[in-house]
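In terms of my numbering, the sequence shown is numbered consecutively and its last residue is 112.
A quick write-up on the structure given underneath.
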Amino acid sequence: MQVGFRDLAVWSFLMASAHGAGLMVVPVLLAGNTVGAQARMMDHHHISQSAGPLDATLATGVHTIAYLAVTGLLAWVVYRKLGLAILRKTWLNFDLIWASALVATGLATLLI
Numbered sequence: 001m002q003v004g005f006r007d008l009a010v011w012s013f014l015m016a017s018a019h020g021a022g023l024m025v026v027p028v029l030l031a032g033n034t035v036g037a038q039a040r041m042m043d044h045h046h047i048s049q050s051a052g053p054l055d056a057t058l059a060t061g062v063h064t065i066a067y068l069a070v071t072g073l074l075a076w077v078v079y080r081k082l083g084l085a086i087l088r089k090t091w092l093n094f095d096l097i098w099a100s101a102l103v104a105t106g107l108a109t110l111l112i
């Protein structure tokens, strides 16, 4: 497979951004003061939106940057320690590992 650095970087950025994982952490990061919001709702007071689009964009940006940094670090470590020769000899299929991680996460979510 012949892929240039620029092409690989662009594709990695698109996949990291487009899969939407940054949007999944927005409710967790912005949950801030839900008890106070519920108390105000009971009094029928006007509730202002505590988290705006800027907060959601910031949370998504932080997630994307962290994701790219960790992915890049892991790729660099594998490249420095193993080189590309290992990829020419064998290919590790991550489908079973990925499926197991998803099942384990689902079970942990149910138990929590």
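From the three backbone atoms N, C-alpha and C, an ideal C-beta is built for every residue, glycine too.
Since we're looking at a predicted model, the values are computed, not measured.
Checklist entry - Grouping DSSP H, G and I as helix and E and B as strand, with all else coil, what is residue 44? => result Numbered from 1 along the sequence shown, position 44 holds the residue referred to as residue 44. Low local confidence applies: a pLDDT of 49 at residue 44 is under 50, so the model's placement there is unreliable, and no value is given.
Checklist entry - residue 84 to residue 93, Cα distance in whole Å? => result In the sequence shown, the residue the question calls residue 84 occupies position 84. In the sequence shown, the residue the question calls residue 93 occupies position 93. Their Cα atoms are separated by approximately 16 Å.
Item to check | residue 13 and residue 58 closer than 8 Å at C-beta | outcome: Counted from its first residue, the sequence shown places residue 13 at position 13. Counted from its first residue, the sequence shown places residue 58 at position 58. Not in contact: residue 13 and residue 58 (Cβ atoms no closer than 8 Å).
Checklist entry - Can you tell me where the alpha helix (DSSP H) with residue 98 in it begins and where it stops? => result Taking the first residue of the sequence shown as 1, we reach residue 98 at position 98. Here the alpha helix (DSSP H) through residue 98 covers 95 to 111.
Item to check | Simplified DSSP state of residue 8, which is helix, strand or coil | outcome: Within the sequence shown, the letter at position 8 stands for residue 8. It is helical.
Item to check | Alpha carbon of residue 44 to alpha carbon of residue 108, nearest angstrom | outcome: If you number the sequence shown from 1, residue 44 lands on position 44. If you number the sequence shown from 1, residue 108 lands on position 108. Residue placement at residue 44 cannot be trusted, given a pLDDT of 49 that sits under 50; what the coordinates show is reported in the next sentence. Computed Cα separation, rounded: 37 Å.
Next on the checklist: Measuring straight from C-alpha to C-alpha, what distance separates residue 7 and residue 66?
Outcome noted: One-based indexing of the sequence shown puts residue 7 at position 7. One-based indexing of the sequence shown puts residue 66 at position 66. In a straight line, the C-alpha of residue 7 is about 20 Å away from that of residue 66.
Checklist entry - For the candidate residues 75, 88, 76, 100, whose alpha-carbon lies nearest to that of residue 2? => result Along the sequence shown, one-based indexing puts residue 2 at 2. Sorting 75, 88, 76, 100 by C-alpha distance to the C-alpha of residue 2 places 88 at the top.
Checklist entry - Do you know how far the Cα of residue 62 is from the Cα of residue 54? => result Within the sequence shown, the letter at position 54 stands for residue 54. Within the sequence shown, the letter at position 62 stands for residue 62. Using only the alpha carbons, I get a separation of about 12 Å.
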